[in-house]
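Let me begin by presenting the structure, written as structure tokens, before commenting on it.
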Ligand code: SF4
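In the working numbering, the protein residues as written are 11 to 245.
What follows is the structure, encoded as structure tokens:
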């Protein structure tokens with residue numbers, strides 16, 4: 011099985027070669043980015059990053075800021091009030107419990123306010139090169155459709171994938187499936203545009219390309235280019 015998994019990941023990595031949208035800089039910047047990106051379009055988060063990090067360049071400044079001031083910097087995105095509170099608490103934890111440095115283990119990261127296993131896994135991979143698999147709704151859906159796992163929740167999916175995917179390839183799982191799930195393996199999947207359809211176990215494949223297929227593909231490429239440009243200018 012791991013041979014087939016590696017082969018599919020290699021194919022998908024050619025299609026989705028860009029890093030995760032929130033892999034923007036140092037561990038502090040990455041953890042802030044992932045926290046802000048919950049249920050929010052990457053573009054919206056990336057656009058506010060330069061102003062945010064100018065105002066709060068390190069966890070110390072963020073921990074000292076009022077919640078209202080943090081809100082004013084992120085009020086263009088969803089759940090900004092809750093996220094502002096989490097950001098302040100998270101920064102305070104980093105300063106008080108971890109000497110101002112983002113911790114480097116899953117056990118410690120999940121003690122930070124607003125940080126669950128998914129956020130922690132992204133930070134472990136992006137900031138510290140530690141093998142981990144961040145499972146969001148896309149990773150959960152696509153890996154189940156492919157037949158790699160048979161799970162009912164993202165938590166169980168993470169557990170199953172951690173056991174299934176070799177360490178060297180763990181970081182690639184989130185990188186490729188978030189984008190694949192967002193653009194190709196959507197609710198009504200675009201299997202006609204999927205390079206791993208021959209090894210996919212999903213029974214209800216949608217192989218009929220739409221009349222505007224070229225337009226759809228061009229649109230996906232355009233959106234990826236925009237995100238990548240914003241990511242490079244985020245800090
Ligand atoms: S073949 Fe279809 S269902 Fe399978 S991974 Fe590709 S897009 Fe998803």
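Glycine is no exception: its CB is placed at the ideal position from the N, C-alpha and C atoms. Everything numeric in this text was worked out from a predicted model, so none of it was measured.
Opening and closing residue of the alpha helix (DSSP H) in which residue i lies
i           : result
residue 170 : 164 to 174
residue 17  : 12 to 25
residue 41  : 37 to 46
residue 124 : Counting along the chain, residue 124 falls outside any alpha helix (DSSP H), and DSSP gives it neither H nor E.
residue 141 : Note, residue 141: premise wrong, no alpha helix (DSSP H); not H, not E.
residue 97  : 90 to 107
residue 74  : 69 to 74
residue 257 : The question about residue 257 has no answer here: the residues shown for the chain are numbered 11 through 245.
residue 250 : No information on residue 250 is available, as it lies outside the stretch 11 to 245 that the chain covers here.
residue 117 : 116 to 119
residue 227 : 223 to 242
Nonlocal neighbours in the same chain, by C-beta distance under 7 Å from residue i, ignoring five residues either side
i           : result
residue 209 : 14, 18
residue 192 : 148
C-alpha distance - residue i paired with residue j, whole-angstrom precision
i           : j           : result
residue 159 : residue 78  : 43 Å
residue 108 : residue 94  : 20 Å
residue 47  : residue 53  : 9 Å
residue 127 : residue 55  : 20 Å
residue 164 : residue 124 : 17 Å
residue 150 : residue 167 : 6 Å
residue 38  : residue 81  : 18 Å
residue 49  : residue 131 : 17 Å
residue 25  : residue 187 : 11 Å
residue 116 : residue 198 : 34 Å
residue 75  : residue 68  : 11 Å
residue 57  : residue 63  : 11 Å
residue 138 : residue 181 : 11 Å
residue 84  : residue 200 : 34 Å
residue 70  : residue 34  : 19 Å
residue 162 : residue 174 : 17 Å
residue 229 : residue 171 : 31 Å
residue 66  : residue 97  : 11 Å
Own chain, CB closer than 6 Å to residue i, minus 5 neighbours either side, in chain order
i           : result
residue 28  : 238
residue 206 : 18, 21
residue 102 : 73
Among the options, the one whose alpha carbon lies nearest that of residue i
i           : options           : result
residue 247 : 203, 73, 196, 207 : Examination of residue 247 is not possible in this model, given that the chain is present from 11 through 245 alone.
residue 211 : 137, 117, 155     : 155
residue 44  : 235, 70, 100      : 100
residue 194 : 234, 96, 55       : 234
residue 219 : 232, 228, 203     : 203
residue 122 : 83, 90, 135, 104  : 104
residue 135 : 106, 36, 227      : 36
residue 214 : 224, 223, 196     : 196
residue 88  : 119, 221, 51, 224 : 51
Nonlocal neighbours in the same chain, by C-beta distance under 8 Å from residue i, ignoring five residues either side
i           : result
residue 60  : 243, 244, 245
residue 157 : 210, 211, 212
residue 16  : 176, 179
residue 152 : 187, 190, 191, 195
In chain order, each alpha helix (DSSP H) run of at least 4 residues that lies wholly inside the stretch 182 to 210:
none
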